[in-house]
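Student: Sharing a structure here in structure tokens format.
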Amino acid sequence: MTQISYRLPSVEVDDKAAVQSLQQELARWFDVEFSIYDGFTGDLLKQGAGQPHLTQTVDRDLVQACAERFSPQFLTGDDYLELYALPVRTRENRRYVAVSAMLLREVDPTQVRSADLVRWIATARPQNPATVEKLGLAVFEKLRAEGRWRKLETEVDSVSSNLTSTYEEISLLYALIENLRLSKTDEDLAQLALDTLDECLPAKGFAINLLAVAQEQEVTYKYKARVADKLLLAGECDFDLESFGRFVEHVNLQPGDPPFIANAAVTRDSNWPFGDIRQVILAPLFEGENLFGFIAAFNHSRNAEFGTIEANLLKSVGGILGIHAGNRELYRRQAEFLASVVRALTSAIDAKDPYTCGHSDRVARVAVRLAQELQCDPEKLSTIYMAGLLHDIGKIGIDDSVLCKPGRLTDAEYEHIKLHPELGHRILADIRQLGECLPVVLHHHEQWNGKGYPQQLAGEEIPFLARIAAVADAFDAMTSDRPYRKGMPIEKVAEILQRGAGEQWDVQVVDAFFSCINEIVEISRHERENLSLDVEQWV
Ligand SMILES: [Fe+2]
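Numbering (the UniProt record's numbering), first residue to last: 1 to 539.
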């Protein structure tokens with residue numbers, strides 16, 4: 001049996017090719033040619049070879065009705081001839097009706113008046129109507145099943161393509177969300193988005209504009225405010241800050257507006273001022289009410305139009321970048337507030353004991369240098385700096401008469417002053433953001449041999465940063481002038497530290513001290529400058 005090989009035409013195949021293909025396929029099945037009609041208009045598209053004139057003049061209404069009813073049928077005929085019609089629908093929503101004249105029995109040509117029919121009868125073979133109907137139905141169902149199959153294939157292709165693109169979109173959003181860490185700068189995250197966007201959004205160029213964050217005061221601590229607008233670009237994108245600013249101004253997005261989309265209908269207008277931009281999406285970087293910048297995609301990579309799918313993706317990316325920028329700004333403000341608190345507390349210690357003015361600051365700086373030498377990470381450097389500033393905060397609770405006494409302390413006075421680590425710990429205990437500093441404040445007078453205070457911890461029981469602070473504290477105490485004595489020369493201090501290594505102080509911290517002794521002397525000589533908590537700025 002002949003296998004159906006007719007494939008419903010694809011979108012690319014024009015009507016002519018589709019009609020020819022259909023005609024050939026039906027000829028193989030029925031052994032006669034079919035004339036092909038347009039099922040919508042009833043027009044004859046192609047006359048079947050060897051078909052009588054009759055199949056050129058089928059009534060349009062009959063063709064249209066057959067296409068509409070969508071089942072094969074005998075249209076009309078007489079005692080020896082019938083017109084058989086077979087409707088076909090394609091997935092491009094075309095409708096054809098194939099019509100062929102069928103000879104039902106042997107006819108004496110002399111009984112036929114039309115010369116056209118005589119010619120046809122001479123070559124046509126009589127067909128059994130029941131057989132034609134059965135065959136027609138089989139072919140019809142076969143074609144219909146193939147049509148459904150092709151349609152399903154198209155749907156699967158489309159779903160698969162959508163899934164791929166959705167997967168890429170989700171991957172991008174996931175990667176961004178995964179990187180929503182405060183340690184990442186807005187620029188880092190924006191760059192990550194730019195690196196990945198072209199995999200899921202068909203644009204030739206992308207831009208992310210990060211707006212400067214308004215500053216209320218000098219920025220300190222690790223999280224700096226962005227002091228100037230920034231523009232990050234990817235792909236073909238001929239913008240600078242100034243021209244991008246003009247573009248944003250032209251679009252004039254208002255809070256709550258959906259992303260701006262412009263395609264040819266807008267960009268072809270003579271009033272469109274950005275000649276190179278044929279398609280564009282612009283979305284804000286927002287966090288609540290706060291605007292942190294804009295994200296834009298320029299020129300569709302296939303010169304097609306941007307739609308809501310692309311716009312929503314860009315909006316989501318803008319939302320994530322906005323949330324990150326908002327969180328960082330919030331954190332920066334918190335850090336700024338914390339810096340103000342630490343400043344106030346440090347000033348309070350200085351006011352209480354003016355003779356040791358600058359001691360906390362010097363201890364903090366020296367401790368950071370030691371911690372660096374001991375390979376501490378930036379977080380630890382930040383902690384030891386804050387802790388250095390605050391280590392003697394408990395002296396606020398020590399009587400002035402004892403604290404400022406010029407001369408030797410009595411045993412009772414010494415016991416009183418030894419309370420300051422615990423007092424300091426108590427003062428700061430409720431400031432959660434200073435939690436990391438507490439062990440240093442409490443234990444900076446412990447000694448390696450367990451003879452320190454307040455808890456007589458020994459060796460590695462003493463928190464590491466407290467052991468660092470102890471060396472920095474001792475160094476500054478010994479080298480600073482006091483009303484009752486001059487500061488010791490560095491050689492003497494070095495000798496004391498060397499002797500106390502493994503006794504009063506941790507050997508590795510003392511070793512670190514000697515590794516960078518010159519720098520430490522230099523650091524301790526510096527007058528107290530701006531009290532910056534931005535460790536990176538001066539380390
Ligand atoms: Fe102290």
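For glycine and all other residues, C-beta sits at the position ideal for the given N, C-alpha and C.
Please output, in chain order, the residues near ligand 1 using a CB cut-off of less than 7 Å to any non-hydrogen atom of the ligand.
Tutor: H391, D392, H420, P421, H444, H445 and D473
Student: With a Cβ-Cβ cutoff of 8 Å, do I277 and L314 count as a contact?
Tutor: Position 277 of the sequence shown, counting from 1, holds the residue named residue 277. Position 314 of the sequence shown, counting from 1, holds the residue named residue 314. No, they are not a contact pair.
Student: Hey, quick one: how far does the beta strand (DSSP E) through P284 stretch, first residue to last?
Tutor: Indexing the sequence shown from 1 puts residue 284 at position 284. It spans V280 to E287 - the beta strand (DSSP E) in which P284 sits, taken as one unbroken run.
Student: Who are the Cβ neighbours of L389 in its own chain at under 7 Å, not counting the five residues just before and after it?
Tutor: Indexing the sequence shown from 1 puts residue 389 at position 389. V342, T346, S360, D361 and A364.
Student: Between which two residues does the alpha helix (DSSP H) harbouring M478 extend?
Tutor: Along the sequence shown, read from residue 1 onward, the residue named residue 478 stands at position 478. That run of the alpha helix (DSSP H) goes F464 to T479.
Student: In the DSSP assignment, the alpha helix (DSSP H) including H444 goes from what residue to what residue?
Tutor: Mapped onto the sequence shown, residue 444 falls at position 444. Careful: H444 lies outside any alpha helix (DSSP H) and carries neither H nor E.
Student: Would you report the Cα separation of G275 and D269, rounded to the nearest angstrom?
Tutor: As a position in the sequence shown, residue 275 is number 275, starting the count at 1. As a position in the sequence shown, residue 269 is number 269, starting the count at 1. Cα-Cα distance, rounded: 10 Å.
Student: Exposed or buried, K486, counting other C-beta atoms within 10 Å across all chains shown (16 or more means buried)?
Tutor: Position 486 of the sequence shown, counted from the start, is the residue given in the question as residue 486. With fewer than 16 Cβ atoms within 10 Å of its Cβ, K486 is classed as exposed.
Student: Applying the 10 Å Cβ sphere with the 16-neighbour rule, what's the burial state of G288?
Tutor: Looking up residue 288 in the sequence shown gives position 288. Flag for G288 reads exposed.
Student: State buried or exposed for H391, treating a residue as buried only when at least 16 other CB atoms are found within 10 Å of its CB.
Tutor: In the sequence shown, residue 391 corresponds to position 391, counting from 1. Answer is buried; the Cβ neighbour count reaches 16.
Student: Can you tell me which of the three DSSP states V99 falls into?
Tutor: As a first step, residue 99 must be located in the sequence shown, where it is residue number 99. V99: strand per DSSP, three-state reduction.
Student: How should P258 be labelled, buried or exposed, when 16 other C-beta atoms within 10 angstroms of its C-beta is the threshold for buried?
Tutor: Here the question's residue 258 lines up with position 258 in the sequence shown. Under this definition P258 is an exposed residue.
Student: Checking contacts by CB at 8 Å: is R365 closer than that to chain C?
Tutor: Any reference to chain C falls outside this structure, which holds one protein chain only.
Student: Under three-state DSSP, which class holds Q51?
Tutor: As a working note, residue 51 is residue 51 in the sequence shown. In this structure, Q51 counts as coil in the three-state DSSP scheme.
Student: List the residues that DSSP assigns as beta-bridge partners of K230.
Tutor: Within the sequence shown, residue 230 is the residue found at index 230, counting from 1. Answer is L210.
Student: Keeping to the same chain, check which residues put their C-beta closer than 6 Å to that of V19; ignore five residues upstream and five downstream.
Tutor: Here residue 19 refers to the residue found at position 19 when the sequence shown is read from its first residue. Here the set comprises I36, L45 and K46.
Student: Buried or exposed for F292, please, with buried defined as at least 16 other CB atoms from any protein chain shown within 10 angstroms of its CB.
Tutor: As a working mapping, residue 292 is identified with position 292 in the sequence shown. Result: buried.
Student: When the Cα of A283 is compared with those of S301, A262, N303 and W272, which residue comes out closest?
Tutor: Along the sequence shown, one-based indexing puts residue 283 at 283. Among S301, A262, N303 and W272, the Cα nearest to that of A283 belongs to A262.
Student: Per the DSSP calculation, T76 is bridged to which residue(s)?
Tutor: Sequence index remark: in the sequence shown, residue 76 carries index 76 (1-based). According to DSSP, T76 bridges with L83.
Student: Identify which residue in R95, A67, R125 and T110 has its Cα closest to the Cα of L81.
Tutor: Translated into the one-based positions of the sequence shown, residue 81 becomes position 81. Of R95, A67, R125 and T110, the residue nearest in Cα terms is R125.
Student: Which residue wins for smallest C-alpha separation from H53, given the options F70, I121 and R69?
Tutor: Counting from one through the sequence shown, the residue named residue 53 turns up at place 53. Here the closest residue by C-alpha is I121.
Student: Leaving out five residues on either side along the sequence, give the residues of the same chain with a beta carbon under 7 Å from the beta carbon of K395.
Tutor: Indexing the sequence shown from 1 puts residue 395 at position 395. Taken in chain order, the residues that qualify are I349, K352, D353, L403 and H420.
Student: Going by CA-CA distance only, name the one from A367, V118 and G435 that's closest to L103.
Tutor: The sequence position of residue 103 within the sequence shown is 103, counting from 1. The shortest Cα separation from L103 among A367, V118 and G435 belongs to V118.
Student: So what does DSSP say about F247, is it helix, strand or coil?
Tutor: By 1-based counting over the sequence shown, the position of residue 247 is 247. Here F247 sits in helix by DSSP.
Student: What does a CB cutoff of less than 6 Å around I427 pick up in its chain, not counting 5 residues either side in sequence?
Tutor: In the sequence shown, counting from the first residue as 1, residue 427 sits at position 427. Closer than 6 Å at Cβ, skipping near neighbours: I393.
Student: Relative to the C-alpha of A494, which candidate in F513, S480 and Q504 has its C-alpha closest?
Tutor: For the purposes of this step, residue 494 is identified with residue 494 of the sequence shown, where counting begins at 1. The option with the nearest alpha carbon to A494 is F513.
Student: Bridge partners of V88, per DSSP?
Tutor: On the sequence shown, position 88 is the one that residue 88 refers to. Note: V88 sits in a beta bridge opposite Y96.
Student: May I ask which residues mark the beginning and end of the alpha helix (DSSP H) holding H324?
Tutor: Taking the sequence shown and counting its residues from 1, the one referred to as residue 324 is at position 324. In this chain, the alpha helix (DSSP H) harbouring H324 covers T308 to K352.
Student: Just to confirm, is the Cβ distance from V99 to L75 under 8 Å?
Tutor: For the purposes of this step, residue 99 is taken as residue 99 along the sequence shown, with counting starting at 1. For the purposes of this step, residue 75 is taken as residue 75 along the sequence shown, with counting starting at 1. The answer is yes: Cβ separation under 8 Å.
Student: Does DSSP classify T220 as helix, strand or coil?
Tutor: For this step, residue 220 is matched to residue 220 along the sequence shown. Reliability fails at T220, whose pLDDT of 36 lies under 50, so the model's placement of it is uncertain and the value that follows must be treated cautiously. Three-state result, T220: coil.
Student: How many angstroms separate the CA atom of E242 from the CA atom of T267?
Tutor: Mapped onto the sequence shown, residue 242 falls at position 242. Mapped onto the sequence shown, residue 267 falls at position 267. About 20 Å.
Student: Return the CA-CA distance between L189 and A412, expressed in angstroms with no decimal places.
Tutor: In the sequence shown, counting from the first residue as 1, residue 189 sits at position 189. In the sequence shown, counting from the first residue as 1, residue 412 sits at position 412. Those two C-alpha atoms are separated by around 59 Å.
Student: May I ask which residues mark the beginning and end of the beta strand (DSSP E) holding A262?
Tutor: The sequence position of residue 262 within the sequence shown is 262, counting from 1. Residues F260 to A262.
Student: Give the secondary structure of I36 by DSSP, where H, G and I count as helix, E and B as strand, and everything else as coil.
Tutor: Position 36 of the sequence shown, counted from the first residue, corresponds to residue 36. Three-state result, I36: strand.
Student: Can you tell me whether G307 is buried or exposed, with buried defined as 16 or more other CB within 10 angstroms of its CB?
Tutor: Here residue 307 refers to the residue found at position 307 of the sequence shown. Exposed, because fewer than 16 other Cβ atoms sit within 10 Å of the Cβ of G307.
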